[in-house]
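Position one of the sequence shown corresponds to residue -16 (my numbering), numbered consecutively onward.
Notes follow the structure.
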Amino acid sequence: MLRIETGGSPYGARLVTDRPYRQGELICAITGYRVTHQATYQTVQIGPDTHIEELGVLAYLNHSCRPNTIVDTTAMEVRAARDIAAGEELTFFYPSTEWEMDRPFICLCGAPQCVRLVAGAKYLSIDTLSRYFINRHIRDMALAALDQALCQAITEGHKS
Ligand SMILES: [Zn+2]
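See below:
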């Protein structure tokens, strides 16, 4: 069972599991959502221009730079990124779904690899993104942005 705890998190509420999970195990399927083209701080991005809202308990999954779950927007599943003990808070890496976030924030996860400013994948290097599970739409958008940057660099190189 998953339960919502208020307090005990700098983000207000948090999602805690009552049972342990093994790495790769399904925690829950993402169902009952509504598709929207308007991103808010409560939506999860599932495509370049597509977001989902009304996520139920999943709305309480906080961000961590050392996440213990994967939100897979292709399979529409939340899975254990590593072994999880009963009583642990469940977290995921927000830039794994979000390209550009409606409400960026400073991360307080305390992990050594903390990215500090959580504003979406657009603001992270390919090197940083490569350390995480990243959804297909984010990978595509990151590669497109990289292509554009390379193109610009080449064009500007020709000008000088
Ligand atoms: Zn962090």
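Heads up, the beta-carbon is just placed ideally off N, CA and C, and yes, glycines get one too.
Being a predicted model, the structure only gives us computed values, none of them experimental.
Inset, instruction - Assign residue 18 to buried or exposed, taking buried as 16 or more other Cβ atoms, counted over all protein chains shown, within 10 Å of its Cβ. - result: exposed
Legend entry - heavy atom of ligand 1 below 8 Å from residue 134 C-beta: no
Inset, instruction - Using 10 angstroms around the beta-carbon of residue 89, count the other beta-carbons present and answer buried if the total reaches 16, otherwise exposed. - result: exposed
Legend entry - Every unbroken beta strand (DSSP E) within the segment 22 to 74, with a cutoff of 3 residues, ordered by chain: 27 to 30, 33 to 36, 52 to 55, 60 to 63
Inset, instruction - For residue 68, I'd like the list of residues in its chain whose CB is within less than 7 Å of its CB, leaving aside the five on either flank, ordered along the chain. - result: 3
Inset, instruction - Flag residue 44 as yes when its Cβ comes closer than 8 Å to any non-hydrogen atom of ligand 1, and as no otherwise. - result: no
Inset, instruction - State the Cα-Cα distance for the pair residue 140 and residue 85, rounded to the nearest angstrom. - result: 34 Å
Inset, instruction - Indicate the three-state DSSP secondary structure (helix, strand or coil) for residue 139 in the structure shown. - result: helix
Inset, instruction - Give the range of the beta strand (DSSP E) segment to which residue 9 is assigned. - result: 9 to 12
Inset, instruction - Ignore the nearest five residues each way along the sequence and tell me which others in residue 23's own chain have a CB closer than 6 Å to its CB. - result: 85
Legend entry - Three-way DSSP call (helix, strand, coil) for residue 111 in this model: helix
Inset, instruction - In angstroms with no decimal places, state the Cα-to-Cα distance between residue 95 and residue 48. - result: 9 Å
Inset, instruction - Report the option in 42, 142, -11 whose CA atom is closest to the CA atom of residue 14. - result: 42
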